Amino acid sequence: MIFSTLILNQDTPIYEQIENHIEKAVKAGALIKDSKLPSTREASSVLRISRNTVLTAYENLESRGIIYSIKGKGSFVKEEAKNDWQEVNIKWKQRINSYGQTCEQMDIIKTEPHYEKGMISFKSIAPEGNLFDVEEFKRAFLDVMALEGEKLLNYGYAKGYRGLIEYLMNYMEGKGVGGSKKDILITNGFTEGLDLILSTYTQPGDVIVCESPTHHTTLKMMKAYGLQVVGVPMDEQGILPEELEATIIKHRPKWVYLTPSYQNPTGIVMSGERRRMVYGILSDYHTPCIEDGFNEELLYSSSHIMPLMALTGESNHIIYIGSLSKILFPGLRLGWIMADSACIDTLESVKRAKTIHTSFVDQAVFVQYMKSGAFERYVKKAKKYYREKYLYTVEQIKEYIPYEKLWGEGGLHIFIELNHKIDTRELLKQCYRRGVLFMPGDIFEPSMKVTSSLRIGFARLKKEEISKGLKIIGEEISKNIIP
Ligand SMILES: Cc1ncc(COP(=O)(O)O)c(C=O)c1O
1 MIFSTLILNQ DTPIYEQIEN HIEKAVKAGA LIKDSKLPST REASSVLRIS RNTVLTAYEN
61 LESRGIIYSI KGKGSFVKEE AKNDWQEVNI KWKQRINSYG QTCEQMDIIK TEPHYEKGMI
121 SFKSIAPEGN LFDVEEFKRA FLDVMALEGE KLLNYGYAKG YRGLIEYLMN YMEGKGVGGS
181 KKDILITNGF TEGLDLILST YTQPGDVIVC ESPTHHTTLK MMKAYGLQVV GVPMDEQGIL
241 PEELEATIIK HRPKWVYLTP SYQNPTGIVM SGERRRMVYG ILSDYHTPCI EDGFNEELLY
301 SSSHIMPLMA LTGESNHIIY IGSLSKILFP GLRLGWIMAD SACIDTLESV KRAKTIHTSF
361 VDQAVFVQYM KSGAFERYVK KAKKYYREKY LYTVEQIKEY IPYEKLWGEG GLHIFIELNH
421 KIDTRELLKQ CYRRGVLFMP GDIFEPSMKV TSSLRIGFAR LKKEEISKGL KIIGEEISKN
481 IIP
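At position 474 of the sequence shown the residue is numbered 474 (the UniProt record's numbering), and the sequence of numbers has no breaks.
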């Protein structure tokens, strides 16, 4: 309270001392505009003086325009504090470290042409929200809150919600991955999982090998951490083994990053035979590998292929990162790292240092949702929906786009390599003028070089939009072809 620092003296009238004290506090900013002063009764009792003395002080302050009073409510500060501080204008953009600079330079949400209402955008590979089973999810939320709401709303554990870890252990066993030495850490999606690994196990200048082209966000993060990214080309069966081996021999990378199923952007599913060859190379050269399993469930045509991690047995050089962002709800930001328990033990501490833990409410609701059987129903529905869209998009590409190669047998996107050397970055500018957007291939290139490729995300577009958009892209391509 404002009067606890006021020591009254005998030399000056008391009302004047109260006036000065309040005026000083207002000018120093200790009493801010519109803040309430103690009532005259309170002040007189704290200072052991008569109420009338306080009243006189308040009346004088009011007549001098320092305070105002509202009948029945009290007295309030009227004046703004007058500070003589210097104005400070930090040039924030000039203070960014190299990590921040790379994140900003490679932030395609800011740098790529923006969607405007009415446009047809093939940019996104987010799932179709209308397929989400919102009612079932609401039920799961209410159920877990009734059961353990008090616990869930409190701090949880960095490693994750036990029910979810157990659920995912079983889930991974279903994919052929298990073993007593493996453990799981829950993360905020794939992206945080990768960040935890890169921040823990790499130094600037280290080499990391990946498929070329590859996931843009991964490229951005690897570059932001100052890593040297070396891309290895692919064919229809996945990364080329001879090239991978040669690259490992030449660069001795710290890590290899691979997405064996529905690779982004190509959609390639690495064949079983290729997986064994790649695994053999990683083992021969004792090279740790981050396996990105983000999209595994969305296969349309052939049967499921086991992750690389299923080949490990007692070995521990593969780290698997799973995510629910494509098969279920990206907004939940749930993912996991499965790895050797010594690795998870360290990553748990890093996770605690960075974000403490992933939301326990989200984790618990998700487990409840999965146990309700809704997931199986949803996957069936989603696969049927996306397969139809995928087949339609392929048909329309064949109709309108002169392509050399069409990649992708699952997931929510198709990758096209044009049969003419057309810079798709330039093509995008032309299409943008006609209201059509797509992802040009250069954003997926470790070297960022210009390409004749583009990625088409189809999940959230209507059939008419797919057809109309592809027709426009086809027309713009033909303008670039010199006969
Ligand atoms: C290759 C790849 N991995 C992982 C993810 C998912 O990331 P997150 O779980 O952080 O949403 C995506 C999303 O597009 C992706 O393309």
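No residue lacks a Cβ here, since even glycine has one placed at the ideal position from N, Cα and C.
Nothing here was measured: the structure is a model prediction, and the numbers come from that model.
| Asked | Found |
| --- | --- |
| Cβ pair Asp143, Gln368 closer than 8 Å | yes |
| Pro38 beta carbon less than 8 Å from that of Ile2 | yes |
| Reference Leu437, options Phe444, Gly457, Leu418 and Pro446, closest by Cα | Gly457 |
| Unbroken beta strand (DSSP E) run spanning Ile165, endpoints | Careful: Ile165 lies outside any beta strand (DSSP E), inside the alpha helix (DSSP H) at Arg162 to Gly174. |
| Straight-line gap, Pro446 to Gly149 (C-alpha atoms, nearest Å) | 46 Å |
| DSSP three-state assignment for Ser98, whether helix, strand or coil | helix |
| Rounded C-alpha distance that separates Trp407 from Trp92 | 43 Å |
| Cut-off 6 Å between Cβ atoms - residues of its own chain near residue 486, not counting five sequence neighbours on either side | Residue 486 lies beyond the range of the chain shown here (1 to 483); nothing can be said about it. |
| Exposed unless 16 or more other CB atoms sit within 10 angstroms - verdict on Gln363 | buried |
| 8 Å Cβ cutoff met for Thr259 and Asp292 | yes |
| Enclosing beta strand (DSSP E) for Ile321 [first to last residue] | Ile318 to Ser323 |
| Reduced DSSP category for Gly280 - H, G, I as helix; E, B as strand; rest coil | helix |
| Residue environment, Gly160, which counts as buried when at least 16 other CB atoms sit within 10 Å | buried |
| Close beta carbons around Thr312, own chain, < 6 Å, minus the five adjacent residues each side | Ile318 |
| DSSP bridge partner residues for Tyr403 (one or two, in chain order) | Leu418 |
| The segment 380–388 / the segment 124–131 touching (three or more Cβ pairs under 8 Å) | yes |
| Length of the line joining the Cα atoms of Gly331 and Arg460 | 16 Å |
| Nearest-residue set for ligand 1, Cβ under 6 Å from any heavy atom | Ile125, Gly189, Phe190, Thr191, His215, Thr259, Asn264, Asp292, Phe294, Ser323, Ser325, Pro330 and Gly335 |
| Residue of Phe294, Ser478 and Glu136 minimising C-alpha distance to Glu376 | Glu136 |
| Reduced DSSP category for Ile125 - H, G, I as helix; E, B as strand; rest coil | coil |
| Residue interval of the beta strand (DSSP E) (run including Lys326) | It is not in any beta strand (DSSP E) - Lys326 carries neither H nor E in the DSSP assignment. |
| Cα-Cα separation between Lys138 and Ile186, rounded to whole angstroms | 22 Å |
| CB contact flag (Ile401, Gly474, <8 Å) | yes |
| Presumed contact (8 Å Cβ cut-off) between Gly156 and Phe360, rounded CB distance | 4 Å |
| Terminal residues of the alpha helix (DSSP H) in which Arg425 lies | Thr424 to Arg433 |
| Touch test, the segment 109–117 against the segment 234–241, Cβ-Cβ under 8 Å, three pairs minimum | no |
| Contacts around His21, its chain only, beta-carbon distance under 7 Å, and the 5 residues preceding and following it disregarded | Leu6 |
| Rounded separation between Ala132 and Ala140 - CA only | Reading the sequence as shown, one finds Phe at residue 132 and not Ala. Looking at the two C-alpha atoms, the distance is approximately 14 Å. |
| Buried versus exposed, by CB contacts within 10 Å (16 or more), His286 | exposed |
| Continuous beta strand (DSSP E) assignments of at least 3 residues falling wholly in the UniProt domain "HTH gntR-type" (12–80) | 67–70 and 74–77 |
| Span separating the alpha-carbon of Arg274 from that of Glu245 | 13 Å |
| Neighbour-count burial assignment, Leu391, 16 or more Cβ in a 10 Å radius | exposed |
| Run of the alpha helix (DSSP H) containing residue 485, from where it starts to where it stops | What the structure shows of the chain is the stretch from 1 to 483, and residue 485 is not part of that stretch, so it cannot be assessed. |
| Other residues of its chain near Glu464: CB distance less than 8 Å, five sequence neighbours each side excluded | none |
| Which residues DSSP lists as bridging Pro440, in chain order | Leu454 |
| Where the alpha helix (DSSP H) containing Leu244 begins and where it ends | Pro241 to His251 |
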